[in-house]
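Q: Going by our numbering, the letters in the sequence shown line up with residues 374 to 552, in that order. Note that beta-carbon positions come from the ideal geometry of N, C-alpha and C, so glycine has one too. Note that the structure is a prediction, hence the values are computed from the model and not measured.
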Amino acid sequence: MNRNSLGLVRALALAFALACSTLAAQGASFTVLGAPCSVPGEAIPAIGARGLPRIGASFDVTYSGPNRTFSSAQQIVRPWLITGLSLLPAPVAIPTAILPQQPANCLVWPNPDLVLEMPVDASGQAFQNAVTLVIPNQGALVGATWYHQWFALFEQCGFAGCNYGWAIVSEAAIVVAGT
């Protein structure tokens, strides 16, 4: 292969790499990161999405796992959504000594720039299990990246009042806005 041919191959390879990176930057994605933690007798929390974060559209960040308002056992499990514009430098474990029944290895991944408490749903028996996000129709947002993770907080109530027992988390999600 002569010098001109080698230069052409390199130029084509560079053009192909740039085209692929441009296509990747325009693709909307919702990618799961890490692992959930749970407590015995409760469902394992999970994060999901309905749709993808596309410019000019909406999508839902969904929660499945323990979720109940004040029950006959006087227990509440409320999901909260953590949203961050960055990940923490390293995932942070919820300390096991912070709550009486706190399981080990419950890792929080996103920097908690916004923490959203879920309101009671229409049934009154559970809390809402999804958040709808609208992505503005702004081309500059293509490739914007942010992070979500659910945590659920257990509260036991009785004659002496209410006390928190544990907090568990879902996997985290890396969200990239695209077209």
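Based on the DSSP secondary-structure assignment, which residues constitute the bridge partners of proline 485?
A: In the sequence shown, the residue the question calls residue 485 occupies position 112. According to DSSP, which records beta bridges pairwise, proline 485 is partnered with nothing at all.
Q: Hey, quick one: how far does the alpha helix (DSSP H) through glutamine 399 stretch, first residue to last?
A: Walking along the sequence shown from the start, residue 399 turns up at place 26. 376-399 is the extent of the alpha helix (DSSP H) around glutamine 399.
Q: Per DSSP, alanine 513 forms a beta bridge with which residues?
A: What you label residue 513 is simply residue 140 of the sequence shown in a count that begins at 1. DSSP, once it has assigned bridges, lists no residue as partnering alanine 513.
Q: Could you tell me whether the region 533-550 touches the region 403-410, where touching means 3 or more Cβ pairs closer than 8 Å?
A: As far as the Cβ criterion goes, the region 533-550 touches the region 403-410, which means the pair count is three or higher.
Q: Can you tell me which of the three DSSP states proline 468 falls into?
A: Taking the first residue of the sequence shown as position 1, residue 468 is located at position 95. Here proline 468 sits in coil by DSSP.
Q: Inspect the CB distances between the region 422-431 and the region 472-492 and report whether three or more fall short of 8 Å.
A: Between the region 422-431 and the region 472-492, the count of C-beta pairs closer than 8 Å stays below three; the two stretches do not touch.
Q: Quick check on DSSP: helix, strand or coil for alanine 433?
A: Against the sequence shown, residue 433 aligns to sequence position 60. Position check: residue 433 holds aspartate in this sequence, whereas alanine was assumed. Strand at aspartate 433.
Q: Please classify glycine 531: is it buried, with 16 or more other beta-carbons within 10 angstroms of its beta-carbon, or exposed?
A: What you label residue 531 is simply residue 158 of the sequence shown in a count that begins at 1. Classification of glycine 531: exposed, given that the 10 Å Cβ count is below 16.
Q: Taking the continuous beta strand (DSSP E) assigned at proline 439, which residues delimit it?
A: One-based indexing of the sequence shown puts residue 439 at position 66. No beta strand (DSSP E) holds proline 439; DSSP gives it neither H nor E.
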